[in-house]
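Respectively, the protein sequence lines represent chains A and B. Going letter by letter, the first sequence gives residues 1200 to 1538 in this note's numbering. Going letter by letter, the second sequence gives residues 5 to 275 in this note's numbering. For glycine and all other residues, C-beta sits at the position ideal for the given N, C-alpha and C. In what follows, a structure is listed as structure tokens, so that the remarks can point back to it.
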Amino acid sequence: MFTLVEDIIVTEKLTKVFNETIKAVDHVDMQIRKGEIFGFLGPNGAGKTTTINCLTTLLKPTSGKAIVSGFDVVKNPDAVRQRIGIVFQDSVLEDRYTGYENMILHARLWGVKKEVAEERIKELLELVRLTDRAKDLVRTYSGGMRRRLEIARGLVTRPEILFLDEPTLGLDPTTRHHIWEYIKLINREQGITVFLTTHYLDEAEHLCERLSIIDYGQIVTTGSPSELINSLGGDVVEIIGEGDVGLAVSTFKPESYVKNVIVRQDNGLELTIEESEKSLPKIIRTLQETGYNALSISLKKPSLDDVFIACTGRGLRDEEASDFEGVKKHFVMKKLSRR
Amino acid sequence: MVFERFLNGFLPIYKRILRISIRRKSIIISMIVQPILWMVVLGKTFDNILGGGPFGGDYDYLTFLACGVITMTVLFSSLFGGMTLLFDREFGMMKEFLVAPIPRSTIPLGNGAGIATRSLFQAILVLLLALVIGAKLELSFYKIFPLFFAIILVSLGLFGLTAAIATRIESFEGFQGVMQLTAMPLFFVSGAIYPVEFLPSGLQDFAKYSPITHVSSIIRYYLIGEEAAHFNILWGSSHANIGLFLSFVYLGIFAITLLSLACWAFKKQTL
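Next up, the structure:
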């Protein structure tokens, strides 16, 4: 016996253009495997939410194709809606309902029978630790509680895919870690495919089995976090020291684990190396032999931020401060997507 | 299957409107206080100015006005019911409904039915308050049901109008502006606070087309009597029964047309 890895979301040249000029999503091709946690990483205005809106039938793509859970989002939206759960970027809860009533309302809309729903809601509230607050009005909930309730609510209908749009936006670090644990738990225990968007690098690194970096509506690169990071070539060791750097350079260059050597202007060295944990002792030994006296050694492991910079030529974090175009586009898109 | 999905959407949306209305204490208080103010202050004061039977019949102004306050209550409650949809789109539940596997039409229909039910309850409340305050309204079992039916029809129509507008409008300020512009003229010409026959002739012609004027006449027909209804002005016929029937047909067409418009607007609504 062998198991076939199915693709649960497939898009071909998925494109969404607003106002005939703004390309929010631009020829996106992706294949998401059943059972994985897949992430869309990109700055604000990159087209993440628009992509989710297209995949969840809330927006009609301008062109291209999207198959979700085996159904075309344009031709068969109801079949898609029946099989997915969504947690929107901003909280979508009835404030004047209790947490429990919000869950029941959701179950009713999706046609889940009352007895079945009650059983599942009890379990899910337990899972997200809201059992003792279930009878309180949602307007008394904190941001983290609302998020947990929304995640639990999305699961009442036993969806095949759970879409999470910026699941931890605006939450404190402890709550974020809790939300991450819940997401991993439901993925592992219930086998639900998770599609999430984020502009937090740590979130993508921590949660996603695979991810795509998206910028200006286009997928820049796709892979697992470690694949993407390794594709940069390896870790960088920075050595600052005194003495003759020339001998050190000529000694390091032929070593198999060293991929690149740069001599800095301050007489320091930058080595790009593989498997830094194993290589570091060798480097220190080699340094002693060459007579280059190291004063400080630091190890820099590349992050997804470096991947992002390598792919797009600019940083992800300083996006909001510097890239007005992106932010402006973000707001225009938010406004237009309502029509 | 289709019907089941329809109910999956319609019932929870309908129940939600009623449930959140009950949970809004400020709404309930204003629902009670406003009609009391109108009837006690305006009604009793004008009774003193005008004396008994000011409009020819043997009914006093308070009795006349009580019917008008019912009309007013239904008008404003239904028109501002559309505000719920706008609120939902900006801060709340609209996305949840839009992404649910339910027919889109259940969103305006469920909300509309909820608003109509709420309006009806408000009308009954005003009716009871009016009786306590001293309006001499004639009530009977057979009159109450067609009266309720008329109220539901006009409420559905008005809600349909605002729901359709709400899908197209961007801001609360804009919506409120549109509502003020719609509600005030309709209210002033409806004959709610003075008989239509006293309107300047140009306005009288305008008033004939307003469904509010028709429901106002129907309410007076059932709660006071034929002489207070003025169907002759609305339809030019001296037979009150024919006028009554035509007004019901008119309200029916109004409700169906505008609800259909709202359903159509929602079918196209994406986010």
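Rounded Cβ spacing between residue i and residue j (contact assumed at less than 8 Å)
i                          : j                         : result
leucine 66 of chain B      : alanine 139 of chain B    : 5 Å
leucine 1240 of chain A    : leucine 1503 of chain A   : 7 Å
serine 144 of chain B      : valine 78 of chain B      : Not confirmed; about 21 Å, so no contact.
tryptophan 1309 of chain A : threonine 1356 of chain A : 4 Å
glutamate 1473 of chain A  : lysine 1458 of chain A    : 7 Å
leucine 1410 of chain A    : proline 1366 of chain A   : Between proline 1366 of chain A and leucine 1410 of chain A the Cβ distance is about 14 Å, and since that is not below 8 Å, they are no contact.
glycine 116 of chain B     : leucine 160 of chain B    : 5 Å
Among the options, the one whose alpha carbon lies nearest that of residue i
i                          : options                                       : result
isoleucine 1266 of chain A : A:Glu1211, A:His1405, A:Leu1468 and A:Thr1356 : A:Glu1211
leucine 262 of chain B     : B:Gly96, B:Gly57, B:Thr75 and B:Ile169        : B:Ile169
leucine 83 of chain B      : B:Pro16, B:Leu185, B:Glu230 and B:Ile36       : B:Leu185
glutamate 1359 of chain A  : A:Leu1406, A:Ile1231, A:Lys1452 and A:Asp1371 : A:Ile1231
proline 1260 of chain A    : A:Val1435, A:Asn1243, A:Ile1285 and A:Glu1219 : A:Glu1219
leucine 238 of chain B     : B:Glu231, B:Ser221, B:Tyr146 and B:Leu227     : B:Ser221
leucine 1363 of chain A    : A:Ile1382, A:Ile1483, A:Leu1446 and A:Val1279 : A:Ile1382
glycine 1263 of chain A    : A:Asp1228, A:Arg1280, A:Gly1284 and A:Gly1238 : A:Asp1228
lysine 1233 of chain A     : A:Ala1278, A:Arg1280, A:Asn1386 and A:Lys1274 : A:Asn1386
alanine 154 of chain B     : B:Ala134, B:Tyr198, B:Asn115 and B:Pro215     : B:Pro215
glycine 56 of chain B      : B:Asp64, B:Ile24 and B:Ile228                 : B:Asp64
proline 1276 of chain A    : B:Asp209, B:Ile173, B:Gly60 and B:Arg108      : B:Arg108
serine 81 of chain B       : B:Phe50, B:Gln38 and B:Phe68                  : B:Gln38
lysine 1321 of chain A     : A:Gly1343, A:Ser1423 and A:Leu1348            : A:Leu1348
asparagine 12 of chain B   : B:Gly114, B:Ser30 and B:Gly240                : B:Gly114
valine 219 of chain B      : B:Tyr254, B:Glu201, B:Gly240 and B:Ile246     : B:Tyr254
serine 1495 of chain A     : A:Leu1479, A:Lys1452, A:Asn1429 and A:Ser1449 : A:Leu1479
tyrosine 1456 of chain A   : A:Ile1482, A:Pro1242, A:Gly1442 and A:Ala1447 : A:Ile1482
glutamate 1454 of chain A  : A:Glu1205, A:Pro1242 and A:Leu1486            : A:Leu1486
histidine 1376 of chain A  : A:Val1393, A:Arg1346 and A:Leu1354            : A:Arg1346
lysine 48 of chain B       : B:Asp62, B:Leu69 and B:Gly195                 : B:Leu69
glycine 1343 of chain A    : A:Leu1354, A:Ser1290, A:Gln1389 and A:Glu1317 : A:Ser1290
leucine 90 of chain B      : B:Arg9, B:Ser175, B:Ser251 and B:Ser241       : B:Ser175
leucine 1304 of chain A    : B:Glu177, B:Phe152 and B:Leu15                : B:Leu15
serine 264 of chain B      : B:Leu102, B:Glu94, B:Ile111 and B:Asp62       : B:Ile111
Residues of its chain near residue i, where Cβ-Cβ distance is below 6 Å and the 5 sequence neighbours each way are ignored
i                           : result
glycine 85 of chain B       : Ile119 and Phe163
valine 98 of chain B        : The amino acid occupying residue 98 of chain B in the given sequence is methionine; valine does not appear at that position. Excluding positions up to five away in sequence, the list reads Asp92.
arginine 224 of chain B     : Cys71, Ala232 and Ala233
phenylalanine 50 of chain B : Tyr65
lysine 1452 of chain A      : Val1460
Cβ neighbours of residue i in the same chain (closer than 8 Å, five flanking residues each side left out)
i                         : result
aspartate 1294 of chain A : Leu1336, Val1337 and Arg1338
leucine 1324 of chain A   : Gly1298, Tyr1299, Met1302, Thr1330, Ala1333 and Ala1351
leucine 1427 of chain A   : Leu1410, Ile1412, Thr1420, Leu1503 and Val1506
Chain B contact residues for residue i, given Cβ-Cβ distances below 8 Å
i                         : result
threonine 1256 of chain A : Val103
valine 1451 of chain A    : Contrary to the premise, residue 1451 of chain A reads as phenylalanine rather than valine in this sequence. In chain order: nothing, as chain B lies at least about 57 Å away.
glycine 1310 of chain A   : Glu8, Arg9, Asn12 and Pro105
arginine 1346 of chain A  : In chain order: nothing, as chain B lies at least about 15 Å away.
arginine 1307 of chain A  : Asn12, Leu15 and Pro16
Cutoff 8 Å: residue i Cβ touching any chain B Cβ
i                          : result
alanine 1520 of chain A    : Any answer about alanine 1520 of chain A is weak, because its pLDDT of 45 lies below 50 and its placement is not dependable; what the coordinates show is given next. For alanine 1520 of chain A, the answer is no, since every Cβ of chain B falls outside 8 Å of its Cβ.
methionine 1200 of chain A : Per-residue confidence for methionine 1200 of chain A stands at a pLDDT of 42, beneath the threshold of 50, marking its modelled position as unreliable; the derived number appears in the next sentence. No, methionine 1200 of chain A does not count as interfacial toward chain B.
valine 1586 of chain A     : Absent from the model: residue 1586 of chain A. The displayed extent of chain A is 1200 to 1538, so no value can be given.
proline 1357 of chain A    : It is worth fixing the name first, because residue 1357 of chain A is arginine in this sequence and not proline. No, arginine 1357 of chain A does not count as interfacial toward chain B.
Any C-beta of chain A under 8 Å from that of residue i
i                        : result
glutamate 201 of chain B : no
methionine 87 of chain B : no
lysine 29 of chain B     : no
glutamate 100 of chain B : yes
proline 16 of chain B    : yes
isoleucine 24 of chain B : yes
methionine 5 of chain B  : no
7 Å Cβ shell around residue i - same chain, five flanking residues per side excluded
i                         : result
valine 1444 of chain A    : Val1462, Asn1466, Leu1468 and Tyr1491
proline 150 of chain B    : Tyr226
aspartate 1505 of chain A : Leu1431
alanine 1278 of chain A   : Phe1270
threonine 171 of chain B  : Ala269, Phe270 and Gln273
aspartate 1401 of chain A : none
Chain-ordered neighbours of residue i on chain B, where CB pairs are closer than 7 Å
i                         : result
aspartate 1277 of chain A : Pro105
arginine 1280 of chain A  : Val103, Ala104 and Pro105
Proximal residues of chain A, C-beta to C-beta of residue i below 8 Å
i                      : result
arginine 20 of chain B : Glu1293, Tyr1296 and Leu1304
glycine 96 of chain B  : Val1291, Leu1292, Glu1293 and Asp1294
Below-8 Å beta-carbon distance, residue i vs any chain D residue
i                      : result
valine 1311 of chain A : Included in the structure are the protein chains A and B, with no chain D among them.
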